[in-house]
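Some notes on the structure that comes next.
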Amino acid sequence: MGNIEHPTSNTEHPNIRNIGEAICCWMLDVGCSMFSFRDDILAVDCRRISGSKLLTLFVLVGLNASGAGPVFNVLDYGAHHDGSASSTEAIRSAIQAAKTAGGGMVFVPAGNYVTGPIELASDLVLHLDAGATLRFPAAQLPFTKGRQQGIECLTPVPLVGGHDLHNVTITGRGVLTTDNAEWLKIMPRTKASGDDPGSANGPNWQRLLQDLEVKTPAPDEDYQKAAPELRPSFVRFMDSTNVLIEGIHFVGSSMWTIHLLYTDNAVVQNVIIETYPGVHTDGIAVDSSRNVRISNCYIDTGDDGIVLKAGKDADGRRVNRPTENVSILNCTVHHAHGAVTLGSEISGGIRNVVADNITCKETAIGVRIKSRRGRGGTVEDVRFNNWTMEDVGEAINVTTDYMMEGEAKTSEETVSERTPVFRNIAISGMTVKRARLAIDVVGLPEMPISGLRISDVIASAKTGMRGSFTDALELHHVQVNADSGPAFLVRDSKELELDAVTTRKPIPGTPVIRLERCPGAIVRNSRAFAGTDTFLSVPPGELKSVVLEGNVPASAKKPAEEAELILNSDTRIQERVIP
Numbered sequence: 297m298g299n300i301e302h303p304t305s306n307t308e309h310p311n312i313r314n315i316g317e318a319i320c321c322w323m324l325d326v327g328c329s330m331f332s333f334r335d336d337i338l339a340v341d342c343r344r345i346s347g348s349k350l351l352t353l354f355v356l357v358g359l360n361a362s363g364a365g366p367v368f369n370v371l372d373y374g375a376h377h378d379g380s381a382s383s384t385e386a387i388r389s390a391i392q393a394a395k396t397a398g399g400g401m402v403f404v405p406a407g408n409y410v411t412g413p414i415e416l417a418s419d420l421v422l423h424l425d426a427g428a429t430l431r432f433p434a435a436q437l438p439f440t441k442g443r444q445q446g447i448e449c450l451t452p453v454p455l456v457g458g459h460d461l462h463n464v465t466i467t468g469r470g471v472l473t474t475d476n477a478e479w480l481k482i483m484p485r486t487k488a489s490g491d492d493p494g495s496a497n498g499p500n501w502q503r504l505l506q507d508l509e510v511k512t513p514a515p516d517e518d519y520q521k522a523a524p525e526l527r528p529s530f531v532r533f534m535d536s537t538n539v540l541i542e543g544i545h546f547v548g549s550s551m552w553t554i555h556l557l558y559t560d561n562a563v564v565q566n567v568i569i570e571t572y573p574g575v576h577t578d579g580i581a582v583d584s585s586r587n588v589r590i591s592n593c594y595i596d597t598g599d600d601g602i603v604l605k606a607g608k609d610a611d612g613r614r615v616n617r618p619t620e621n622v623s624i625l626n627c628t629v630h631h632a633h634g635a636v637t638l639g640s641e642i643s644g645g646i647r648n649v650v651a652d653n654i655t656c657k658e659t660a661i662g663v664r665i666k667s668r669r670g671r672g673g674t675v676e677d678v679r680f681n682n683w684t685m686e687d688v689g690e691a692i693n694v695t696t697d698y699m700m701e702g703e704a705k706t707s708e709e710t711v712s713e714r715t716p717v718f719r720n721i722a723i724s725g726m727t728v729k730r731a732r733l734a735i736d737v738v739g740l741p742e743m744p745i746s747g748l749r750i751s752d753v754i755a756s757a758k759t760g761m762r763g764s765f766t767d768a769l770e771l772h773h774v775q776v777n778a779d780s781g782p783a784f785l786v787r788d789s790k791e792l793e794l795d796a797v798t799t800r801k802p803i804p805g806t807p808v809i810r811l812e813r814c815p816g817a818i819v820r821n822s823r824a825f826a827g828t829d830t831f832l833s834v835p836p837g838e839l840k841s842v843v844l845e846g847n848v849p850a851s852a853k854k855p856a857e858e859a860e861l862i863l864n865s866d867t868r869i870q871e872r873v874i875p
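As C-alpha cells, this is what we get:
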C-alpha cells in the first residue's frame, strides 16, 4: 500500500486506492464526503453509511480485492433479509448474474432469509456473512439424477449444490438451517414391524432395491415411483471438481448434510454441523469421490459423523467408482452413530484413507468399518491414528456382518463378487473411557477380515475385545480393562498375534485371554497382573497349537488352561466346566 496523506477535516479526500486506505481514513475520522474507488466497484457517501453498513462495504471490497472477482449482493436482487418473503428468486438471479459475468462472489449479508433450493454455478463463491441465516422449509422438490444411500436413482434436487461444476466454494460464518422433523412428515421412513424389516424411506424404495438385485438398472417406472419417498441432501456436489466448503454452520438437515458425490479434489474445513437427533443426517458423506481433505470440523449428528461410501450391492458394482485418497484431521464428533465410518455401501471400493487426531463423545461407535454379504467391494489401505473417546457404545467396530435399515440377516455363501473384502487396516493410538464394548471385529466364515492391526490402545469398557473370523489379526500393546467377560476373546481366527496385551482389571473366575479355534496363535510379551485367576484359556486339546513367548504370567493362579467355557450373547461366563 502506498503512502497516505491525511488532509484536514474540511478538505475533500482524494480518490482512495484500496480498502486498506479507506479503513485508515475511517479510523482517523477523516472528513471526506466520498469514497471513490478506482476500480469502480463502489462509490458510497460516507455520511449516509451506518457502522454496520460500512463494515459490510469493507467486507465486500476486501473480498473483491482478494481476487474473488465481482461481488453480487443478494439484496441488490430483491432478497428479503427479514424473512418476510422468499428470497429464492433473488438468490438465483444473483447467481445467474455471476455466471453471466464468468464467475464471482454471491454475497449474503447478515439477516434472516427464507429460500428454496439454490443451484450453484462454476467459478462461483457463495459467501454467507456472519449473522446471515438461510432457512430452507420442507417441501416436495423437483427430481434430478443422483444417488441415494448408494443407489443411482432420481432424487430430489439438493438444497444447495449442483452437478458438473468446477471451482465452486461455499464459505463464510453464516448458518444454513432446515428442520429434519418437517421433512420426515412429508417423506416418512417405514419402521420395522414383525417380519417386515421396514425401509429407510418407503415401500416403493424398498421395491426398487429388490428389483435392482434382479436387474440393474431397474425399469424407469421403479425410479419414478421411489423418488417422492426420498429426502434431499442438504449440500450435494455431483461430478464436480475443485470444491471448497469452509466455515459454514449447519443447523438441522433434510438428509445427508454435506454429500460429495463423484467429486474430485474437495476440501471441507472449519464447518460446524449440528443435526442431532435428525434421522439419516450424516454429517459429511464422501461418496465415490477422490482426493478429499476434511479438517477442523465439529459434528453433532443423529447418524454417522464423517462417512465414506462407494455404492451399494449390484447397482454399486455396476457403477464401480471407488472412494480413495481421503484425509480426515483434527475433528470432534458428538452423538453420531459412528464418529468416522467406512461403509456399509462399499461396492465400488474404499482405499487410501487416513483419519487422525479425532475426539468423540457419546457416539454409538467410534471407529466404524462396516459391510455385509451382497455388497462386494474392498476396503483396504486405511489408517486410524490418535483418537480419544468417552462414553461411547463401541470404541472400535470392524464388521462384514452388518445389517442396514430395511435389510435382513444373511447366510454363508460361496465367495463371489457379492463378498466384501477388508484388508490392510491399521488402528493405533486410541484412548477410550467408559465404552460399552471396547473392540468388536466380525468377519465372515467364507471371507475373514485380513491384515487388521490394532496397536497402542488403552480402553475401559463394560465388555472387552471380541473377534471372530479373522486372518492375520494383530494386537500390539493393547490394554483392556473390562467389567465382565474375558478382556480378549477371539474365535475362529488364523495367524493371530497378541503382543503385549493385558488388563489391569482381572475378573475373578474369568480368563484374561480366551482363544477358541485359533490354530497357530502367538501370545507374546504379555503380563498377568495381581488378582488374575487364569491368564490364557483355550478349549481342550488346543493349547499345543498356541505359541507362548516372553510372557510374564507369574501373578496368575493359572498361567494357562484347557477348559470348556459356555458364554452367552454378551460373552459373560455362564458356566465353566473343567474336565
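In this text, residue positions in the sequence shown follow the numbering used here: the first is 297, and each later residue adds one. Note that beta-carbon positions come from the ideal geometry of N, C-alpha and C, so glycine has one too.
In the structure shown, Pro524 falls within a helical segment according to DSSP collapsed to helix, strand and coil.
Cβ-Cβ separation between Ala394 and Tyr373: approximately 11 Å, too far for a contact (criterion under 8 Å). Leaving aside the five residues that flank Asn621 on each side, the residues in its chain whose CB is nearer than 6 Å to its CB run, in chain order, Arg586, Asn587 and Asn648.
With 16 or more other Cβ atoms inside 10 Å of its own Cβ, Glu525 counts as buried. Judged by beta-carbon spacing, Ala704 lies beyond the 8 Å limit of Ala731, meaning their Cβ atoms are not closer than that value.
Residue pairing for Pro807: DSSP places it in a beta bridge opposite Thr830. If you look at Glu858, you'll find it in the beta strand (DSSP E) that goes Lys854 to Glu858. Restricting attention to alpha helix (DSSP H) runs no shorter than 4 residues, the stretch 467-548 encloses them at 476-482, 499-510 and 516-522, ordered along the chain. Beyond the five residues adjoining it in sequence on each side, Ala397 comes within less than 6 Å, by CB distance, of Pro366 in the same chain, given in chain order.
For Glu690, the closest alpha carbon among the candidates Lys853, Val737 and Phe718 is that of Val737. Pairing Pro836 with Glu858 gives a Cβ-Cβ distance under 8 Å. Annotated as proximal: Val786 and Gly763, with beta-carbon spacing under 8 Å. The C-beta of Pro528 has 16 or more other C-beta atoms within 10 Å across all chains shown, which makes the residue buried. If you keep only unbroken beta strand (DSSP E) runs of at least 3 residues inside the stretch 568-655, you get 568-570, 580-583, 586-591, 594-596, 602-605, 619-630 and 634-638. Under the three-state reduction of DSSP output, Thr384 falls in the helix class. Taking 8 Å as the cut-off, the Cβ atoms of Thr512 and Met551 do not count as close.
By the Cβ neighbour-count rule, Ser383 is buried, with 16 or more other Cβ atoms within 10 Å of its own. Per DSSP, Cys449 is one residue of the beta strand (DSSP E) stretching across Ile447 to Pro452. A Cβ-Cβ contact shorter than 8 Å links Ala523 with Thr451. For Pro782, the uninterrupted beta strand (DSSP E) segment begins and ends at Glu770 to Lys790. Assignment of Asp372 by DSSP, reduced to helix, strand and coil, places it in the helix class. Relative to the Cα of Val464, the nearest Cα in the group Asp419, Thr440 and Gln506 belongs to Asp419.
The DSSP assignment places 674-686 and 690-695 as complete runs of the beta strand (DSSP E) inside the stretch 663-736, in order along the chain (cut-off: 3 residues).
When the five nearest sequence neighbours on each side are left out, the beta carbons in the same chain lying within less than 7 Å of the beta carbon of Ala375 are those of Ser383, Ala386, Ile387 and Tyr409, in order along the chain. Sixteen is the threshold: since fewer than 16 other Cβ atoms of the shown chains lie within 10 Å of the Cβ of Pro815, the residue is exposed. The three-state reading of DSSP puts Ala755 in strand, counting E and B together.
Measuring C-alpha to C-alpha distances from Ile692 to each of Arg664, Phe680 and Thr710 identifies Arg664 as the nearest. In the DSSP assignment, Ala562 forms a beta bridge with Val539 and Val588. For Gly846 against Arg820, the beta-carbon gap comes to about 5 Å, under 8 Å, which counts as contact.
Taking all protein chains in view, the Cβ of Thr674 is crowded by 16 or more other Cβ atoms within 10 Å, so the residue is classified as buried. Under the three-state reduction of DSSP output, Leu839 falls in the helix class. Across the structure, Leu505 and Gly458 are spaced so that their CA atoms are roughly 25 Å apart. Per DSSP, reduced to three states, the secondary structure at Ser550 is coil, with no helix or strand assignment.
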